[in-house]
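Worksheet: one structure, shown below.
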Amino acid sequence: MFVLAELKDTVRISPDQFNLKLLEAVRDEINRKLANKVLLNVGLCIALKDVVSLKDSFILPGDGASHTEVVFRYIVFRPPVGNVLTGKIRSCSHEGVHVTLGFFDDILIPPTALQHPSRFDETERAWVWEYPLDDGGKHDLFMDIGEPIKFRVSREIFEESSPIGPPKNETLQPGTSAQGCTSAAQQTNEARTPYKIIAAINESGLGVLSWWDQQQQAEETNNEEEAEENNVDYDNDENGEGAYEE
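Residue numbers for the sequence shown follow this note's numbering, so the first one is 20 and each next one is one higher.
Below, the structure is given as structure tokens:
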């Protein structure tokens, strides 16, 4: 789920960092600029792996800082489509099941990609898999917050987010402050997630881990009981007991 991306950038080193070695200053600046940031169509940047090359530094007129073109490799979180990951349920809503990996929260399992049939329980605020039983009944399996869940990456969505600027063609209404307009603009921009993963659990073996642990334990218990019955029959035959002759 982690890949190495080779990137190129012109790194600016301010005069107060001139006491550092160039490579050290470049590494610090790259990490400060990219760590925990999303690059469009690249992924979530985690940490700098290494610097591939440094070109000559130059100083622009009117700027006391040095500028260096750098080629480097960065560790990026971007799981390929089809990859199976394990996370924890962060929350549930009508939109689907929201999953977190701890360092990345923007994972959504939509209702159409849940085990079928599933329903949203308004009281518990959780999705429920209505597991069909052999007798025609059903057993409710809840997707509770904090439960480990295994899912498959079905697609990824990158969305370009721009810096917040002043509202365009917007006039203040009576009783409305400029601060209120800025807050509304910030909320609109924050709603746009730069990188989102759409996942699915509508396959055997996927979903809340405890579901399959319980099933495996039940199968193991049945196998042990069958083995014990077979051993009892075998012992009886060896001792001459349990056999009937006319």
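For glycine and all other residues, C-beta sits at the position ideal for the given N, C-alpha and C.
Asked                                                                                                                      : Found
Own chain partners of Y263 with C-beta closer than 8 Å, once the 5 adjacent residues on each side are dropped              : Only weak support is given to the placement of Y263: the predicted model assigns it a pLDDT of 43, under 50, and the value that follows is read from those uncertain coordinates. Closer than 8 Å at the Cβ level, and outside the excluded window around Y263, lies no residue.
N-terminal and C-terminal residue of the beta strand (DSSP E) that V118 is part of                                         : G115 to T119
Boundaries (first-last residue) of the beta strand (DSSP E) holding D107                                                   : Correcting the residue type first, residue 107 is Lys in the shown sequence and not Asp. Element bounds for K107: V103 to S112.
Per DSSP, cross-strand counterpart(s) of I168                                                                              : G106 and V227
Residues that L39 bridges to, as DSSP identifies them                                                                      : Answer is none; L39 lacks a bridge partner.
Euclidean distance between Cα positions of S76 and V90                                                                     : 13 Å
Cα-Cα separation between D153 and G106, rounded to whole angstroms                                                         : 31 Å
Inter-residue Cα distance where the pair is E149 and S229                                                                  : 15 Å
Spatial neighbours of R174 in its chain, beta-carbon cut-off 7 Å, leaving aside the 5 residues before and after            : V100 and I217
Buried versus exposed, by CB contacts within 10 Å (16 or more), E48                                                        : buried
Buried versus exposed call for F79 [16 or more other C-beta atoms within 10 Å across all chains shown]                     : The sequence as given places Leu at residue 79; Phe does not occur at that position. Label assigned to L79: exposed.
Segment contact flag, the stretch 111-120 with the stretch 38-58, C-beta cutoff 8 Å, min 3 pairs                           : no
N-terminal and C-terminal residue of the beta strand (DSSP E) that E141 is part of                                         : Careful: E141 lies outside any beta strand (DSSP E) and carries neither H nor E.
Straight-line gap, G62 to L133 (C-alpha atoms, nearest Å)                                                                  : 25 Å
Chain-order list of residues whose beta-carbon lies under 8 Å from that of G224 (same chain, five-residue window excluded) : K169 and W231
Inter-residue Cα distance where the pair is L104 and Y93                                                                   : 21 Å
Closest residue to P34 among A44, K27 and L26 (Cα-Cα distance)                                                             : A44
CA-to-CA distance, D163 to D69, given in whole angstroms                                                                   : 41 Å
Outcome for I176 when other beta-carbon atoms lying within 10 angstroms are tallied against a minimum of 16                : exposed
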